[in-house]
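One structure is given below, encoded as structure tokens.
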DNA sequence: TTTTGTTGATTGACGAGTCAATAAAAATAC
DNA sequence: GTATTTTTATTGACTCGTCAATCAACAAAA
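Protein chains in written order, with this note's numbering: chain G, 3 to 190; chain V, 3 to 190.
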């Protein structure tokens, strides 16, 4: 039972944060959504903060897996770049609720060392993936360029919480790929 | 008295959000920091949400004024671009506490129409400022380019909540200016 | 019968918002 | 220039609700 319940709680946590946009969700709300009592949620996770951290780990794991999957298919540096970008803006990751979760994790990261650590791991992996793909194309400029691309990805991603229109992965990907082409010196 | 107290409350709100990293600050904490009772804070603002919205308006006003000031000095499109970027990463705006405030405003924008509206105004102004400066340099590509530059600014800005190192405006400006040069086709 | 799963009820803390009461200042009348 | 009324400034104490966390008790496997 334990693994099933834990999983249900993580999904419910993400759904509830997505629904309300905040981490001001009660354990009861989460537990109810996951089909159990709040006492059971406490029983399995110990406390609210730990539920959030687990949800964060889960989200990062899913994202990481998707990136790795896309990278495995790629053969050239260019394809690798495209894979990284597309994975980040895929329909799994680029939805209002998932974006809300990420945004709230940034907020949590200011308070919780563990959350901060997790986001730094994400940032580091993104950076190193980008550098790996960029190096053959731009040499020493790879690291700086990776920071720009990474920043752009995060910026475009976060900006989607604004306005009413549902996020368009296509536009986002197009914009980032254009920026990459600029980095590679292939436009103008 | 009223204007003095209101002002003190806004500053205290920003300081407290910066200190804790969250909007989970009590009205009492804010009022105490501003040197008055929580009852008085309620008296002048009506409620917590309204305090937050006023603090948000204040932050955006300060930022807007700084950008306008920098733009007034600029004579060429290039200088205008630099002015916009530098204002955003100035020592007034690019500090852990102010960044925390912005981040939390993004979170609030998901729930509150008014907060959403305010952030959209910011986004719109940034975009139009950038387009205005970019048009003479890149013509029709200006709008698309402005989205990329704007996204990069927001991304680099937000990323600073991570890690322990205090934000370096210099690095941030350098990165964005480099991206702009790439947009202008002056590198490689 | 021991371990695992599960909950309703409870506790204890905390916090937003209200209110009645008091003090001080400003306006008005005499 | 003083007496008065009205407005503004201010707070401590209180209410009411909410919520995280605990626990004792019960059910169901193992």
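We treat Cβ as the ideally placed atom computed from N, Cα and C, and that holds for glycine.
- Name the chain G residues whose beta carbon is nearer than 9 Å to that of residue 21 (chain V)? For the purposes of this step, residue 21 (chain V) is taken as residue 19 along the second chain, with counting starting at 1. What residue 21 (chain V) touches in chain G: nothing, since even the nearest Cβ is about 10 Å away.
- Query: Excluding five sequence neighbours on each side, which residues of the same chain lie with their C-beta closer than 8 Å to the C-beta of residue 85 (chain V)?
  - Reply: Your numbering for residue 85 (chain V) matches position 83 in the second chain. Excluding positions up to five away in sequence, the list reads 69, 72, 73, 75 and 76.
- Query: Would DSSP call residue 39 (chain V) helix, strand or coil?
  - Reply: Position 37 of the second chain holds residue 39 (chain V). Note: residue 39 (chain V) maps to coil in three-state DSSP.
- Query: Whole alpha helix (DSSP H) runs in the segment 26-103 of chain V with 4 or more residues, listed along the chain?
  - Reply: 29-35, 40-47, 50-75 and 79-90
- Cβ shell of residue 27 (chain G) (< 7 Å), same chain only, five flanking positions each side left out: Numbered from 1 along the first chain, position 25 holds the residue referred to as residue 27 (chain G). Here the set comprises 18 and 19.
- Task: Below 8 Å on the Cβ atoms is my guess for residue 91 (chain V) versus residue 153 (chain V); work out the distance and round it to an integer in Å.
- Result: The count along the second chain starts at 1 and reaches residue 91 (chain V) at position 89. The count along the second chain starts at 1 and reaches residue 153 (chain V) at position 151. In fact, because the Cβ distance is near 15 Å, the residues do not count as touching under 8 Å.
- Closest to residue 98 (chain V) by CA distance: which of V:11, V:169 and V:188 is it? In the second chain, counting from the first residue as 1, residue 98 (chain V) sits at position 96. Nearest of V:11, V:169 and V:188 to residue 98 (chain V), Cα basis: V:169.
- Message: Taking only three categories from DSSP, how would you classify residue 188 (chain G)?
- Response: Residue numbering aside, residue 188 (chain G) sits at position 186 when the first chain is read from its first letter. Coil, per DSSP.
- Message: Less than 8 Å between the C-beta atoms of residue 23 (chain V) and residue 177 (chain G), yes or no?
- Response: Stepping through the second chain from its first residue, residue 23 (chain V) is reached at position 21. Stepping through the first chain from its first residue, residue 177 (chain G) is reached at position 175. It is not a contact, given that the beta carbons lie outside the stated cut-off.
- Message: If I measure Cβ to Cβ from residue 141 (chain G) and keep anything under 6 Å in the same chain, skipping five residues before and after, which residues do I get?
- Response: Locating residue 141 (chain G) in the first chain gives position 139, where the first residue counts as 1. So no residue of the chain qualifies.
- Message: Between the alpha carbons of residue 122 (chain V) and residue 94 (chain G), how many angstroms are there, rounded?
- Response: The residue you call residue 122 (chain V) lines up with position 120 of the second chain. The residue you call residue 94 (chain G) lines up with position 92 of the first chain. Going from the Cα of residue 122 (chain V) to the Cα of residue 94 (chain G) covers about 25 Å.
- Message: Between the alpha carbons of residue 32 (chain G) and residue 45 (chain G), how many angstroms are there, rounded?
- Response: Here the question's residue 32 (chain G) lines up with position 30 in the first chain. Here the question's residue 45 (chain G) lines up with position 43 in the first chain. Distance between the alpha carbons of residue 32 (chain G) and residue 45 (chain G): 14 Å.
- Kindly indicate which three-state DSSP category residue 117 (chain G) falls into: helix, strand or coil? Indexing the first chain from 1 puts residue 117 (chain G) at position 115. Here residue 117 (chain G) sits in helix by DSSP.
- Excluding the 5 residues preceding and the 5 following residue 181 (chain G) in the sequence, name in chain order all residues of the same chain whose CB lies nearer than 8 Å to its CB. Translated into positions along the first chain, residue 181 (chain G) becomes position 179. Only 150, 151 and 154 meet the Cβ criterion.
- Message: Between residue 42 (chain V) and chain G, is any beta-carbon pair separated by less than 8 Å?
- Response: By 1-based counting over the second chain, the position of residue 42 (chain V) is 40. Not an interface residue.
- residue 55 (chain V) versus residue 117 (chain V): straight-line alpha-carbon distance, rounded: Taking the first residue of the second chain as 1, we reach residue 55 (chain V) at position 53. Taking the first residue of the second chain as 1, we reach residue 117 (chain V) at position 115. Rounded to the nearest angstrom, the two C-alpha atoms are 7 Å apart.
- Query: Under a CB-based cut-off of 8 Å, is residue 160 (chain G) close to chain V?
  - Reply: Residue mapping note: residue 160 (chain G) aligns to position 158 of the first chain, counting from 1. By this cut-off, residue 160 (chain G) is an interface position.
- Query: At a Cβ threshold of 8 Å, is residue 142 (chain V) touching chain G?
  - Reply: In the second chain, the residue the question calls residue 142 (chain V) occupies position 140. Chain G, which has no Cβ nearer than 8 Å to the Cβ of residue 142 (chain V), makes this no.
- CA-to-CA distance, residue 29 (chain G) to residue 16 (chain G), given in whole angstroms: Looking up residue 16 (chain G) in the first chain gives position 14. Looking up residue 29 (chain G) in the first chain gives position 27. So the two alpha carbons sit approximately 12 Å from each other.
- Mind checking if residue 122 (chain G) is an interface residue toward chain V, Cβ cutoff 8 Å exclusive? As a first step, residue 122 (chain G) must be located in the first chain, where it is residue number 120. Taking Cβ atoms only, chain V reaches closer than 8 Å to residue 122 (chain G), which makes this a yes.
- Quick one: list the residues of chain V neighbouring residue 118 (chain G), beta-carbon separation under 8 Å, in chain order. As a working note, residue 118 (chain G) is residue 116 in the first chain. By Cβ distance, chain V contributes 164 and 165.
- Confirm, please, whether the CB-CB distance from residue 128 (chain V) to residue 186 (chain V) is below 8 Å. Start at 1 with the first residue of the second chain, and residue 186 (chain V) comes out as number 184. Start at 1 with the first residue of the second chain, and residue 128 (chain V) comes out as number 126. Not in contact: residue 186 (chain V) and residue 128 (chain V) (Cβ atoms no closer than 8 Å).
- Member of V:57, V:58 and V:7 whose CA lies at the smallest distance from the CA of residue 37 (chain V): On the second chain, position 35 is the one that residue 37 (chain V) refers to. Closest option to residue 37 (chain V), Cα to Cα, is V:7.
- Item | 8 Å contact criterion, which residue 87 (chain G) and residue 175 (chain G) should meet: CB distance rounded | Position 85 of the first chain, counted from the first residue, corresponds to residue 87 (chain G). Position 173 of the first chain, counted from the first residue, corresponds to residue 175 (chain G). Right, their Cβ atoms sit about 6 Å apart.
- Roughly how many angstroms lie between the CA atoms of residue 146 (chain V) and residue 58 (chain V), to the nearest whole one? Here residue 146 (chain V) is taken as the residue at index 144 of the second chain, counted from 1. Here residue 58 (chain V) is taken as the residue at index 56 of the second chain, counted from 1. Whole-angstrom Cα-Cα distance: 28 Å.
- Simplified DSSP state of residue 23 (chain G), which is helix, strand or coil: In the first chain, the residue the question calls residue 23 (chain G) occupies position 21. Three-state result, residue 23 (chain G): coil.
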